[in-house]
Amino acid sequence: MVEWRDGVLDMVMVARGGLPPGWREGLGRIPWRRLPFAVSVMLVVLLAVQAADLTWKVIAGLDQEAPAVVEQETTAEAVSKVSGDPGKALAALHLFGQPAPQTAAEQRKEAVADAPETRLNLTLHGVFVDRDPTRGAAIIAKPGSGQLYYRVGREVANGRVLREVYADRVILAGNRGLETLRFPKKVEIEVPETLSRTAASKAGARDLTGLKGMLEETPEKVLDYLRFLPVKTGGQLRGFRILPKRDRTLYNKLGLQPADIVTAVNGIPLSDEMQALQLIDDLGNAGQLVLQVERRGQTRTVTLDLQ
Numbered sequence: 171m172v173e174w175r176d177g178v179l180d181m182v183m184v185a186r187g188g189l190p191p192g193w194r195e196g197l198g199r200i201p202w203r204r205l206p207f208a209v210s211v212m213l214v215v216l217l218a219v220q221a222a223d224l225t226w227k228v229i230a231g232l233d234q235e236a237p238a239v240v241e242q243e244t245t246a247e248a249v250s251k252v253s254g255d256p257g258k259a260l261a262a263l264h265l266f267g268q269p270a271p272q273t274a275a276e277q278r279k280e281a282v283a284d285a286p287e288t289r290l291n292l293t294l295h296g297v298f299v300d301r302d303p304t305r306g307a308a309i310i311a312k313p314g315s316g317q318l319y320y321r322v323g324r325e326v327a328n329g330r331v332l333r334e335v336y337a338d339r340v341i342l343a344g345n346r347g348l349e350t351l352r353f354p355k356k357v358e359i360e361v362p363e364t365l366s367r368t369a370a371s372k373a374g375a376r377d378l379t380g381l382k383g384m385l386e387e388t389p390e391k392v393l394d395y396l397r398f399l400p401v402k403t404g405g406q407l408r409g410f411r412i413l414p415k416r417d418r419t420l421y422n423k424l425g426l427q428p429a430d431i432v433t434a435v436n437g438i439p440l441s442d443e444m445q446a447l448q449l450i451d452d453l454g455n456a457g458q459l460v461l462q463v464e465r466r467g468q469t470r471t472v473t474l475d476l477q
């Protein structure tokens, strides 16, 4: 039984043996009015202890993750120290991933583009270009041999093999790697307005005895007597200008003039470089040559009997 008397809790308990004497006076001496304040202080202390414990746990957790960040910064600093260039150091981190490896075609293209100029005493006079640079041909001159016709895969000089043919250059391959042979610097050929034909060209006119046999056996031998200069308009092959060498015998028999541009042979236009390339191989089987020639703005036909 619990009762309140004069603001003081009065507890009446019945228990075995009872309560010790004077227990009511002892309860009266307890400072009940200060008990709420004491309890509040204890609660504040307990909360502070709990808060402090939670804070240390959070800090401890951050300390465990910190080494990973420090290690990453150390890596960046190490790269920067090695390279000495902040830009290179940043690139070395590969923030956007590793670049894709080059394909074989890309490596070959890069090697061809970086091929140094050849030191051989060679002169490039003409090219026959295909979409596939390994299927072309070229007319190249070297000391003691004059102009010669070379297909890809044929040795040109000193172990150098013609490997690829482009519109402005050819690529030679040797033991030391790839080399580039380019056309010589453009030389302007001045042709007078009035062209006089020599007496030999007037008299001899179209006697081409021996030319057919030369074309059948060694067609490139023609290059010992004639020079073929490609003529282009707007980057497109238009035809060939045929000029004589020191021995003008064969040239005089053709009935051509230095300003003439041969645009077609036997109906095959020379503007198609691959057809022109094939034509060289077929000349030995031809009974005659029909040349379509541009002369002073007019088109003429020159027929050469090879029989």
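Each residue of the sequence shown is one higher than the one before, counting from 171 in our numbering. A virtual CB, placed ideally from N, CA and C, is assigned to each residue, including glycine. Source: prediction; values computed, not measured.
Distance CB(residue i)-CB(residue j) smaller than 9 angstroms
{"i": "leucine 424", "j": "arginine 411", "result": "no"}
{"i": "threonine 469", "j": "glutamine 462", "result": "yes"}
{"i": "glutamate 349", "j": "proline 286", "result": "yes"}
{"i": "arginine 466", "j": "threonine 433", "result": "no"}
{"i": "arginine 305", "j": "valine 322", "result": "yes"}
{"i": "isoleucine 341", "j": "proline 303", "result": "yes"}
Sheet register partners of residue i (DSSP bridge)
{"i": "glutamine 317", "result": "Ala311"}
{"i": "arginine 397", "result": "Leu413"}
{"i": "leucine 332", "result": "Leu342"}
{"i": "glutamate 165", "result": "This structure does not reach residue 165, given that the chain is present from 171 up to 477, and the question cannot be answered."}
{"i": "phenylalanine 298", "result": "Ala307"}
{"i": "arginine 352", "result": "Arg339"}
{"i": "arginine 470", "result": "Val463"}
{"i": "threonine 293", "result": "Ala311"}
{"i": "threonine 403", "result": "Gln406"}
{"i": "valine 435", "result": "Ile438 and Leu461"}
{"i": "alanine 327", "result": "Arg330"}
{"i": "glycine 425", "result": "Answer is none; glycine 425 lacks a bridge partner."}
Reference residue i, options the options, closest by Cα
{"i": "glutamine 317", "options": "Ala434, Arg416 and Asn436", "result": "Arg416"}
{"i": "isoleucine 431", "options": "Val322, Ile309, Leu413 and Leu420", "result": "Leu413"}
{"i": "lysine 355", "options": "Gly347, Ala343, Gly323 and Asp338", "result": "Asp338"}
{"i": "arginine 397", "options": "Leu407, Leu426 and Gly405", "result": "Leu426"}
{"i": "valine 472", "options": "Gly409, Asn436 and Ile341", "result": "Asn436"}
{"i": "lysine 279", "options": "Phe353, Tyr336, Gly404 and Thr403", "result": "Tyr336"}
{"i": "isoleucine 438", "options": "Tyr421, Leu420, Val460 and Arg418", "result": "Val460"}
{"i": "aspartate 442", "options": "Val401, Asp284 and Arg418", "result": "Val401"}
{"i": "threonine 403", "options": "Leu420, Leu440, Asp394 and Leu351", "result": "Leu440"}
{"i": "tyrosine 421", "options": "Glu276, Gln406, Glu464 and Leu474", "result": "Leu474"}
{"i": "glycine 347", "options": "Glu464, Asp284, Asp394 and Tyr320", "result": "Asp284"}
{"i": "histidine 295", "options": "Gln277, Thr273 and Tyr319", "result": "Tyr319"}
{"i": "valine 299", "options": "Gly405, Gln277 and Glu464", "result": "Gly405"}
{"i": "aspartate 394", "options": "Pro271, Ser315 and Leu351", "result": "Ser315"}
Check: residue i C-beta below 8 angstroms from any heavy atom of the ligand GTP
{"i": "asparagine 328", "result": "Because no ligand of any kind appears in the structure shown, any question about the ligand GTP cannot be addressed here."}
Contact belief for residue i with residue j at Cβ below 8 angstroms, rounded distance in angstroms
{"i": "valine 282", "j": "glutamate 334", "result": "6 angstroms"}
{"i": "alanine 311", "j": "leucine 332", "result": "Alanine 311 to leucine 332, Cβ: 14 angstroms. No contact."}
CB contact below 9 angstroms: residue i versus chain C
{"i": "alanine 337", "result": "Among the chains in the structure shown there is no chain C, since it carries only a single protein chain."}
| query | Is there contact between the segment 325-336 and the segment 276-291, where contact requires at least three CB pairs shorter than 8 angstroms? | reply | yes
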